[in-house]
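With the numbering used here as the guide, the letters of the sequence shown map in order to residues 3 to 178.
We treat Cβ as the ideally placed atom computed from N, Cα and C, and that holds for glycine.
Working notes, beginning with the structure itself.
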Amino acid sequence: MAADDQVTDCLAPHASQVVSSTAACDEAVVSQFLGLSERDVLRPDLTPTALPEGSGCRLLLAEGSQLTGSLQAAFKEPRSPVAAQARHCVDIDLRPVSCADPHHGEVVGETDDTAHCISVATDFLGRSASSLPNNLALAARTGQSVECIVSVKGANTLTQTLRDIGQRALPIEPTS
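Written out as structure tokens, the structure is:
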């Protein structure tokens with residue numbers, strides 16, 4: 003749907019997407035529609051919102067943000083460009099941004115203890131080692147839970163998601 007609630011083809015930029023035609027509008031409905039796994043973290047500005055009169059549920063982006071492509075089953079292919087738009091990446095000031103755009107870091111999971119962030123991060127990256135590559139840093143941001151954030155060191159940017167990167171080259175771009 004476009005920002006003005008008009009029905010729009012998902013191939014065109016849009017600010018929301020209907021995920022269910024039933025009254026249920028909760029995490030389970032959204033997770034099933036997107037094809038999320040326990041390792042996927044959505045942008046916090048992408049929120050499930052009930053449609054008027056309980057006619058369904060949609061995912062709504064914060065004002066000024068848009069998606070291109072359908073989110074239905076987008077996370078079945080974790081590194082897909084559509085899934086990247088909905089992943090929780092951050093800029094250098096830790097504000098949420100799309101992982102499809104240049105970004106400084108990515109929220110790779112949540113845990114109840116900061117000590118678990120290294121295992122959360124290596125699992126998310128698809129690495130068997132218990133450490134991160136030298137040009138990445140790990141931080142924990144506390145709130146209601148602990149968010150584990152992997153970021154690129156220095157003023158560089160990441161150009162893609164780090165999900166399941168494994169031993170491939172990191173998508174790092176130097177900034178001038």
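Answer with buried or exposed for Arg-165, where buried requires no fewer than 16 other C-beta atoms within 10 angstroms of its C-beta. In the assembly as shown, Arg-165 is a buried residue. Its beta-carbon has 16 or more other beta-carbons within 10 Å.
Own chain residues within Cβ distance below 8 Å of Thr-51, not counting five before or after: Ser-18, Cys-27, Cys-59, Arg-60, Leu-61 and Leu-62, listed in sequence order.
Mind the definition here: the segment 86 to 96 touches the segment 119 to 128 only if three or more C-beta pairs lie below 8 Å; say whether that holds. A contact is defined here as three or more CB-CB pairs under 8 Å, and the segment 86 to 96 fails this definition with respect to the segment 119 to 128.
Do Pro-176 and Leu-160 have their C-beta atoms within less than 7 Å of each other? No.
Thinking C-beta only, is Thr-113 closer than 7 Å to Val-148? Yes; because the gap between Cβ atoms is below 7 Å, this pair is in contact.
Taking Val-20 as part of the alpha helix (DSSP H), name the residues at either end of that continuous run. Unbroken run through Val-20 is the beta strand (DSSP E), 18 to 22; no alpha helix (DSSP H).
Name the residue from Gly-168, Arg-170 and Thr-163 whose alpha carbon lies nearest to the alpha carbon of Arg-81. Nearest of Gly-168, Arg-170 and Thr-163 to Arg-81, Cα basis: Thr-163.
May I ask you to list the residues that DSSP assigns as paired with Val-154? Answer by DSSP bridge pairing, in chain order: Leu-138.
Output the residue ranges of the alpha helix (DSSP H) runs that lie fully inside the segment 80 to 155 and measure 4 residues or longer, sorted by chain position. Runs found: 83 to 88 and 119 to 127.
Under the DSSP definition of a beta bridge, which residues are partnered with Ile-167? BP columns for Ile-167 are empty, so no partner.
Please return the same chain residues whose Cβ sits closer than 8 Å to the Cβ of Asp-47, not counting the five positions on each side in sequence. Excluding residues within five positions, the ones whose Cβ falls inside 8 Å are Leu-63, Ala-64, Ser-67 and Pro-98.
DSSP state of Ala-30 mapped onto helix, strand, coil: In the structure shown, Ala-30 sits in a helix (DSSP, three-state: H, G or I).
Compare the Cα-Cα distances from Asp-125 to each of Ala-14, Phe-35 and Asp-42 and report the closest residue. Nearest option by C-alpha distance: Asp-42.
Helix, strand or coil for Leu-36 per DSSP? Note: Leu-36 maps to helix in three-state DSSP.
What is the DSSP secondary structure of Glu-65, reduced to helix, strand or coil? Residue state, collapsed to three classes: coil.
For Leu-73 and Lys-155, I'd like the C-alpha separation in whole angstroms. About 31 Å.
Expressed to the nearest angstrom, what Euclidean distance is found between the alpha-carbon atoms of Ala-157 and Gly-107? Straight-line measurement puts the Cα of Gly-107 at about 11 Å from the Cα of Ala-157.
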